[in-house]
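Residue numbers (the working numbering), protein chains in the order written: chain A, 2 to 283; chain B, 41 to 303.
All remarks here apply to the structure that follows.
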């Protein structure tokens, strides 16, 4: 009798074997408290070292938005989108969340190797923990975004409530991104170098600071493609809800929903597939 | 002392808890610079040299079975594959051949693994417990006992990166040992602790073993191993040299290393 048969006969299970997907998710759900607590502690620790602490999560995107507003506002001149400040803030804040999660996810496994090598738990909790940490930052940013909308005289309507489902879908989408980037950087460390580049490219191609419909009006094909760009979809939805002069279309909602579900689903599958490989030495 | 001897002679059940079946661990590492010995790489030499990619065969087809209530000492010189094997048993490192089977999820207490260096000891206790799947309430209740066991009452609110290696090893041991594990692997984690802590933790390990838990202990302290283990496995260069009664194996090892034998 081989050792394997002997082990099986006595009810032993293979160690480190990747559990079935549902079992894996159940295990992760059981330890959700770990992800939340780790996110909270990490976020506190990160803020404690700076004098302005939590304020940075609001200050940084605001500075970014102001600088872009100044530079591109002048550059674009009369091509500036209507209601430029709320338009720009919406774009910059939402995108800073999506790109933040993408980047944080990328470092979530490779940056916590000590934990991965000493404790066994569903590794998925690491990118999820990184996402939760970014959500903590997102909340004050959302408050600030609403303030900007109010200050720049956007009519307050019930439609603003729709920002909640938009945020929710955006979080689903970003979590999927975090799971994908977490695994990719484990396989190919070089990708960490590429991430800032990717973030920049998407920033410039997603109409964060310019009105896509104006800029691309002579390129109908490009405009058609952009309709499927998830970042553009989420940003457009938020603008349609809160910035005067912009509207949402049913297509945008559908696209956002599809991106959220597909990215999260793919992310979970993709990350789970390599569960046995995280924490190796090389 | 009488109790210790009794525990060591305790009859071992025939229920297997851990089965290690022809396990191979190979690390692929990007090397740099020259190395002193030649020919350690595999056949595709030119390719390996070009990329600086070296394969290190750390564990070469080990097989053994561990039964319920045994505590197994693992000895061997530095770099013999002990830690790699332990990580494989805990399921923390991928293996390239064979398999490890276990009746429960083994918990590993390794050396050098700082949990979250920027967080305080207290927060590490909570997070470590949550990651192991314990409830928040019971971890909070246990925090005091864990801190006391580790003897770190004064420093528990400081970030773990400020701890000495001995202190962080003590904390990690205390977190892991705060609960009974069916299978606990201790990988030199006690080597840096002071004598008082070592005695306390060895007592705790015997306690765990006697409550039908299985303990693996990797150590260079033959005294620790003799005091706690019922069986010793000697590994050298990823291969099993000897497996059996602690005194016999340790004496053979001592002859090999040129130390005095123990009666």
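Don't be surprised by glycine CBs; every beta carbon is placed ideally from N, CA and C.
{"Asked": "Residue 109 (chain A): first and last residue of the uninterrupted beta strand (DSSP E) it sits in", "Found": "No beta strand (DSSP E) holds residue 109 (chain A); the alpha helix (DSSP H) holding it covers 85 to 111."}
{"Asked": "Residue ranges of each alpha helix (DSSP H) within the stretch 206 to 271 of chain B, 4 or longer", "Found": "235 to 250 and 262 to 268"}
{"Asked": "Exposed unless 16 or more other CB atoms sit within 10 angstroms - verdict on residue 249 (chain B)", "Found": "buried"}
{"Asked": "Proximal chain A residues relative to residue 184 (chain B), where beta-carbon distance stays under 7 Å", "Found": "None at all; the shortest Cβ gap to chain A is about 18 Å."}
{"Asked": "Residue 287 (chain A) classed as buried or exposed, judged by whether at least 16 other C-beta atoms fall within 10 angstroms", "Found": "There is simply no residue 287 (chain A) to check, as chain A begins at 2 and stops at 283 in what is shown."}
{"Asked": "When B:268, B:256 and B:192 are compared against residue 210 (chain B), the one with the closest alpha-carbon", "Found": "B:192"}
{"Asked": "Chain-ordered chain B contacts of residue 34 (chain A) [CB-CB under 7 Å]", "Found": "170 and 176"}
{"Asked": "Helix, strand or coil at residue 100 (chain B) [DSSP, three-state]", "Found": "strand"}
{"Asked": "Inter-stretch contact at 8 Å, needing at least 3 Cβ pairs: the stretch 98 to 111 of chain A / the stretch 6 to 14 of chain A", "Found": "no"}
{"Asked": "Cutoff 9 Å: residue 286 (chain B) Cβ touching any chain A Cβ", "Found": "no"}
{"Asked": "Contact between the stretch 276 to 294 of chain B and the stretch 109 to 125 of chain B (3+ Cβ pairs under 8 Å)", "Found": "yes"}
{"Asked": "Neighbour list for residue 278 (chain A) in chain B, Cβ cutoff strictly below 8 Å", "Found": "134"}
{"Asked": "For residue 195 (chain A), the three-state DSSP class (helix, strand or coil)", "Found": "helix"}
{"Asked": "Closer than 8 Å at the beta carbon, the chain B residues around residue 13 (chain A)", "Found": "56, 57, 58, 59, 141, 142 and 143"}
{"Asked": "Proximal chain A residues relative to residue 18 (chain B), where beta-carbon distance stays under 9 Å", "Found": "Residue coverage of chain B in this structure runs from 41 to 303, which leaves residue 18 (chain B) outside it and unanswerable."}
{"Asked": "Nearest-angstrom Cα separation, counted from residue 91 (chain A) out to residue 243 (chain A)", "Found": "9 Å"}
{"Asked": "Chain B residues whose Cβ lies nearer than 7 Å to that of residue 90 (chain A)", "Found": "Per Cβ cutoff of 7 Å: no residues; residue 90 (chain A) is ~32 Å from chain B at best."}
{"Asked": "For residue 197 (chain B), the nearest candidate out of B:179, B:174, B:162 and B:108 (CA to CA)", "Found": "B:162"}
{"Asked": "4-residue-minimum alpha helix (DSSP H) runs that sit fully inside the stretch 205 to 266 of chain A, ordered along the chain", "Found": "213 to 216, 221 to 227 and 231 to 243"}
{"Asked": "Three-way DSSP call (helix, strand, coil) for residue 105 (chain B) in this model", "Found": "strand"}
{"Asked": "Stretch pair the stretch 205 to 217 of chain A + the stretch 128 to 139 of chain A: three plus CB contacts closer than 8 Å", "Found": "no"}
{"Asked": "Pairwise C-alpha distance: residue 130 (chain A) and residue 188 (chain B)", "Found": "30 Å"}
{"Asked": "Buried or exposed (CB count within 10 angstroms, at least 16 for buried), residue 247 (chain A)", "Found": "buried"}
{"Asked": "Own chain partners of residue 158 (chain B) with C-beta closer than 8 Å, once the 5 adjacent residues on each side are dropped", "Found": "199, 200 and 201"}
{"Asked": "Listed by chain order, chain B residues near residue 26 (chain A) by CB distance under 8 Å", "Found": "Per Cβ cutoff of 8 Å: no residues; residue 26 (chain A) is ~15 Å from chain B at best."}
{"Asked": "Pairwise C-alpha distance: residue 115 (chain A) and residue 156 (chain B)", "Found": "8 Å"}
{"Asked": "Rounded C-alpha distance that separates residue 233 (chain A) from residue 52 (chain A)", "Found": "35 Å"}
{"Asked": "CB contact below 9 Å: residue 280 (chain B) versus chain A", "Found": "no"}
{"Asked": "Euclidean distance between Cα positions of residue 31 (chain A) and residue 104 (chain A)", "Found": "26 Å"}
{"Asked": "Amino acids of chain B, ordered along the chain, whose beta-carbon sits closer than 9 Å to that of residue 38 (chain A)", "Found": "163, 166, 167, 170 and 176"}
{"Asked": "Length of the line joining the Cα atoms of residue 102 (chain A) and residue 28 (chain A)", "Found": "23 Å"}
{"Asked": "Buried/exposed call for residue 17 (chain A), threshold 16 Cβ in 10 Å", "Found": "buried"}
{"Asked": "Minimum Cβ-Cβ distance from residue 128 (chain B) to chain C less than 9 Å", "Found": "Protein chains in the displayed structure are A and B, and chain C is not among them."}
{"Asked": "Where residue 173 (chain B) meets chain A, residues with beta-carbon distance less than 9 Å", "Found": "28, 31, 32, 35 and 122"}
{"Asked": "Where the beta strand (DSSP E) through residue 148 (chain B) begins and ends", "Found": "147 to 149"}
{"Asked": "Contacts that residue 159 (chain B) makes with chain A (C-beta to C-beta distance below 7 Å)", "Found": "42 and 46"}
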